[in-house]
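Below is one structure; the comments refer to it alone.
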Amino acid sequence: MTYKYALSITSQASFCSTPIRLDTYSACQFGCAYCFAKSRGGNISKSQLNIASARVLKERLKRVRNGKAASALDVLLQMRVPIQLGGMTDPFSPWEEQHRASLELLRVLQEDYYPTLISTKSLIPSLKGYAEILRDGNFYVRISFTGATPDKATALEAGVPSSSDRFRAIEKLSNMGIPVSTRLQPLIPGQEEASARIIQSAANAGAKHVSVEYLKVPLENSMAQTRSLDRALPGIRDVYRNNGARRVGREYTLPPENKILGHELLSNSARALGIVYGYADNEFLLRNSFRSCCNAADLFLENAGAFDANILGVMKRGKGRQRKLLTLKEQEIPQFPMDNYLNSRSRPRLSKDATAKERWLSLLREKWNAPPWRGGPASFWQVHDTGERDIRGDKVFEIRDPLAA
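Heads up: the sequence shown at position 340 corresponds to 340 in my numbering, and the numbers run straight through without jumps.
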């Protein structure tokens with residue numbers, strides 16, 4: 001069956017500069033115990049597997065290329081905001097050997113030379129027939145690892161190729177001139193030294209970038225997933241509770257004070273190896289010197305845009321230390337509704353007569369003026385409320401982190 005919602009804008013659009021996701025399959029055959037897609041209500045096992053249509057993607061890219069936009073997603077595609085292939089499910093899990101649907105999507109994206117980030121734990125992108133398409137297109141491949149010792153990683157990543165095989169895939173792709181990144185998502189607390197060794201091996205294999213995000217512990221909504229996570233990481237929930245973890249959405253995350261030293265260790269290691277470091281925990285996104293969130297897509301993809309009409313965009317483009325929401329210009333907001341891509345509980349409470357731009361600005365204002373856990377400026381590391389208000393009544397913030405200002 002055709003996967004109707006294979007291509008969409010993610011609910012992270014209020015702070016993500018690359019919020020377009022493309023998922024080949026509606027589920028994933030890898031059994032990672034920490035799977036964020038499962039904890040966020042995605043990647044649910046179904047009797048009917050839905051598969052993305054390359055024909056539908058080709059028709060849509062052709063339409064927007066010809067100037068016909070009918071949605072906010074179309075507008076972002078016209079802006080050449082990178083597509084993230086593998087946003088919720090791995091596009092190269094074993095189903096790909098049978099259906100080759102990702103191969104067909106890659107061909108469409110190659111033909112359009114569309115900027116595309118690929119997230120996977122599979123070796124398939126390095127195989128003949130795939131690697132050549134990646135070489136000749138506008139692709140940036142991100143190979144994911146668990147930031148932990150090999151024994152712990154193996155226990156957490158059921159059905160995933162070995163780390164050594166993934167390093168060889170990085171080397172093969174890199175030798176073909178394809179930009180490759182390493183993702184340590186998640187990094188297990190206490191496993192920073194093991195993670196530094198992964199970064200070194202990836203750099204030796206040719207990776208140009210690494211992004212790092214600490215483990216987010218899913219709510220106990222899947223008994224099988226909970227048991228496998230607790231078996232691999234005994235007591236992990238107690239560790240998070242004892243260290244002040246808070247609930248954000250459907251996950252528990254450690255406070256930034258518990259993660260900053262680990263990030264500094266790994267960022268120093270990466271820079272010493274000559275590769276770009278990406279802070280992937282949301283609290284530290286302002287520390288990234290590049291435009292594109294944590295993935296640095298703007299450094300490795302050609303003719304790539306970014307979605308900056310959001311909280312992160314406003315915070316990153318300001319000058320000096322102070323930041324005001326009113327610097328966001330109305331013309332930067334898509335003329336089509338953005339909030340219909342969001343969880344219904346996150347949508348602004350406005351009349352049906354409100355324009356798409358009014359609705360998006362209302363959502364941003366709510367987050368901008370909200371407590372830290374709501375995703376506004378106060379949720380970023382070393383960003384403080386000055387106590388002042390701008391002429392529109394919105395809070396004025398100050399950045400005190402020297403790496404972010």
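Glycine included, C-beta positions come from ideal geometry on N, C-alpha and C.
Counting along the chain, residue 7 sits inside the beta strand (DSSP E) bounded by residues 7-9. Look at residue 116 here: in three-state DSSP terms it is strand.
Relative to residue 115, the option among 334, 307, 185, 302 whose CA is nearest is 302. By the Cβ test, the region 81-91 is in contact with the region 304-324, since at least three Cβ pairs between them sit closer than 8 Å.
With the rule of 3 Cβ pairs closer than 8 Å, the region 189-208 counts as touching the region 261-273.
In this structure, DSSP gives residue 314 a helical state, which the three-state scheme calls helix.
Secondary structure of residue 96 (DSSP, three-state): helix. In this model, residue 376 and residue 12 are separated by some 12 Å (Cα to Cα). Nearest Cα to residue 149 within the set 157, 403, 143: 157. Within the region 353-384, the alpha helix (DSSP H) runs of at least 4 residues that lie entirely inside it are, in chain order, 356-368. For residue 216 and residue 178, the gap between their C-alpha atoms comes out near 30 Å. When DSSP states are grouped into helix, strand and coil, residue 329 belongs to the coil group.
By the CB criterion at 8 Å, residue 24 and residue 102 fall inside the cutoff. By the C-beta criterion, the region 320-333 is judged to be in contact with the region 380-395, since at least 3 inter-stretch pairs fall below 8 Å. With a beta-carbon spacing of about 27 Å, residue 124 and residue 73 fall beyond the 8 Å limit used to define contacts.
For residue 184, the pairing in a beta bridge is given by DSSP as 145, 212. Using a Cβ distance threshold of 8 Å, residue 166 and residue 143 count as a contacting pair. In the pairwise beta carbon analysis, the region 202-212 is classified as touching the region 275-286: at least three pairs are separated by under 8 Å. Of the residues 137, 119, 238, 183, the one whose Cα lies closest to the Cα of residue 147 is 183.
In this chain, residue 133 is not harboured by any beta strand (DSSP E); it is covered by the alpha helix (DSSP H) spanning 131-136. For residue 200, the uninterrupted alpha helix (DSSP H) segment begins and ends at 192-205. DSSP places residue 87 outside both helix and strand once states are collapsed to three, so it counts as coil. Look at residue 48 here: in three-state DSSP terms it is coil, with no helix or strand label.
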